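Participant: First residue of the sequence shown: 260, per our numbering; consecutive thereafter.
Just so you know, even glycine gets a beta-carbon here, dropped at the ideal spot from N, CA and C.
Remember, it's a predicted structure, so these values are computed and weren't measured experimentally.
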Amino acid sequence: MIWSYIKTRLAAFRDETGGTVSVEFIIMAPIVFWAYASMFSWFDAYRQVGVHEKAAFTIADMISRETDPLDADYINATRDMVQFLTRSAQRPDIRISVIRYVGGNTDEFRLDWSQKRGTIDRLRNSDVRNWHEKLPMLVNGERIILVETRMEYTPPFLWGLMEQNDLATFVFARPRFGPQTCFNTCRAL
């Protein structure tokens with residue numbers, strides 16, 4: 260008798276359809292909100308990567324047009340420019356280098372000069388010597404301006420699919436109006 264009563268109540272509970280929308284909403288609302296917040300975070304991350312790369316390309320293009328030697332104030336101003344273009348509250352790390360290719364039997368890259376601002380590591384000749392896969396093909400004696408930036412990115416929603424990341428760029432350009440871009444003074448070619 261008690262078993263039939265329990266079976267009857269369970270069957271009635273199973274067949275009852277009133278209030279199912281409320282239960283479904285309670286179950287699905289957190290999942291939908293989490294998916295929306297995650298998509299928003301991913302979109303914002305890709306947008307920020309694009310903004311960061313455009314800022315680095317702007318700096319590389321700006322330096323490639325210089326005909327006078329650059330100085331420490333110019334490098335500091337480029338760091339401020341990256342911060343302005345990315346609309347970031349924090350100061351980005353930036354490293355600007357001029358690299359030349361030495362062909363023939365040597366077949367290596369050499370560093371003319373490199374300046375950094377922030378916590379990014381200093382670039383040395385031993386670092387760039389074998390960057391054949393990172394840099395484009397150059398003719399013997401040709402120089403290239405390398406602009407590297409790094410900035411910490413925190414997504415708008417810390418939970419979800421993303422965590423805090425560093426955005427880094429590696430952008431190069433050829434000098435446009437002269438054979439080299441100098442720092443402080445120019446050496447003879």
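Starting from LYS375, trace the beta strand (DSSP E) in both directions and tell me its first and last residue.
Facilitator: 367 to 376 is the span of the beta strand (DSSP E), which, as asked, contains LYS375.
Participant: Going by the CB atoms, is the gap between PHE368 and ILE358 shorter than 8 Å?
Facilitator: Yes, the Cβ-Cβ distance between ILE358 and PHE368 is below 8 Å.
Participant: Tell whether a beta-carbon distance below 8 Å holds between VAL237 and ILE355.
Facilitator: Any property of residue 237 remains undetermined from this structure, which presents the chain solely from 260 to 448.
Participant: Mind reading off the beta-carbon distance from PHE429 to GLU407? Whole number of angstroms is fine, and I expect it under 8 Å.
Facilitator: Going by Cβ atoms, the distance from PHE429 to GLU407 rounds to 6 Å, so yes, they are a contact pair.
Participant: Could you tell me how far apart the beta carbons of THR326 and ASP352 are, in whole angstroms, since I believe they sit closer than 8 Å?
Facilitator: Not really, about 27 Å apart at Cβ, beyond 8 Å.
Participant: Taking DSSP's pairing of strands, which residues face PHE292 in a bridge?
Facilitator: The partner list for PHE292 (beta bridge, DSSP) is empty, contrary to what the question assumes.
Participant: How is the alpha helix (DSSP H) around LEU344 delimited, first residue to last?
Facilitator: 331 to 345
Participant: If we ignore side chains and look at the alpha-carbon of each, how far apart do ASP376 and PHE299 end up?
Facilitator: Looking at the sequence shown, residue 376 is not Asp but Arg. Approximately 32 Å, taken between the alpha carbons.
Participant: Could you spell out the range, first to last residue, of the alpha helix (DSSP H) harbouring LEU256?
Facilitator: Not covered by the structure: residue 256. The range shown for the chain is 260 to 448.
Participant: Does the distance from the C-beta atom of GLN439 to that of ARG402 stay below 8 Å?
Facilitator: yes
Participant: For my contact list, ARG346 and ARG338 are in at a C-beta cut-off of 8 Å; report their separation, rounded to the angstrom.
Facilitator: Actually they are not in contact, since the Cβ atoms of ARG346 and ARG338 sit about 15 Å apart, beyond 8 Å.
Participant: Within 10 angstroms of the Cβ of ALA294, are there 16 or more other Cβ atoms? Answer buried if so, exposed if not.
Facilitator: exposed
Participant: So what does DSSP say about GLU411, is it helix, strand or coil?
Facilitator: strand
Participant: Rounded to the nearest angstrom, what separates ASN335 and ALA296 at their Cα positions?
Facilitator: 37 Å
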